[in-house]
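Colleague: Going letter by letter, the sequence shown gives residues 1 to 144 in the UniProt record's numbering. For each residue, glycine too, the CB sits at the ideal point set by N, CA and C. Keep in mind it's a predicted model, so treat the numbers as computed, not measured.
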Amino acid sequence: MQCVTAIFRKECGDPLSQEINLESFKVNRGFWESLTEGWIKLNTDGPFLNHLSRATVGGVFRGSNGGWVSGFSMKVGGSDIFQVEARAIYEGHKLAWSRGFSRIEVDYDNAILIEFICKGFAAESRVPELRLIHSLCRRNWRVQ
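Structure, rendered in structure tokens:
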């Protein structure tokens, strides 16, 4: 499977605004890119068993040198793969915030989901996890 890194930057703007201001958006395929000092990389995934409507989501946080910093996994329900993968990203962001990681880069294999979030469509989505991601991204931190 190819690795797709959707990198997006934003500065926390007006808390009443529904928009996420993005400085850049790019997709890199197939290889690890080292981070700038002080950044944490989050790799997440959410495999889904459609016939059982069950999934496990998980993620790994790595430092600028590629070394393991933290991780998580949990069983979740879900109605489709898009929702489950959004849940993986949400849980990763939630853990990053609770651990005090103020600069994270998200490395994920679903470019459509990342683009949906980056373009601001998450705020009005019918998928609750996407709305939660949108609210987390508006906090006072930097997400790439």
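#1: Taking the CB atoms as reference points, tell me whether residue 44 and residue 78 lie closer together than 9 Å.
#2: Quick check on DSSP: helix, strand or coil for residue 92?
#3: For residue 74, which residues of its own chain have a beta-carbon under 8 Å away from its beta-carbon, when the five flanking residues on both sides are left out?
#4: Pull up the DSSP beta-bridge partners for residue 107, would you.
#5: Can you find the residues in the same chain that come closer than 6 Å, C-beta to C-beta, to residue 101, ignoring five residues on each side of it along the sequence?
#6: Ends of the alpha helix (DSSP H) at residue 135?
#7: Using a Cβ-Cβ cut-off of 6 Å (strictly less than) and excluding sequence neighbours within five positions of residue 104, which residues of its own chain qualify?
Modeller: This is what the structure gives:
#1: Along the sequence shown, read from residue 1 onward, the residue named residue 44 stands at position 44. Along the sequence shown, read from residue 1 onward, the residue named residue 78 stands at position 78. For residue 44 and residue 78, no; Cβs fall outside 9 Å.
#2: Indexing the sequence shown from 1 puts residue 92 at position 92. Reduced to three states, the DSSP call for residue 92 is helix.
#3: Counting from one through the sequence shown, the residue named residue 74 turns up at place 74. Here the set comprises 56, 57, 58 and 91.
#4: Position 107 of the sequence shown, counted from the first residue, corresponds to residue 107. For residue 107, which the question treats as bridged, DSSP gives the partners 43.
#5: Walking along the sequence shown from the start, residue 101 turns up at place 101. Result list for residue 101: 40, in chain order.
#6: The residue you call residue 135 lines up with position 135 of the sequence shown. Counting along the chain, the alpha helix (DSSP H) containing residue 135 begins and ends at 128–137.
#7: Locating residue 104 in the sequence shown gives position 104, counting from the first residue. Result list for residue 104: 40, 42, 96 and 143, in chain order.
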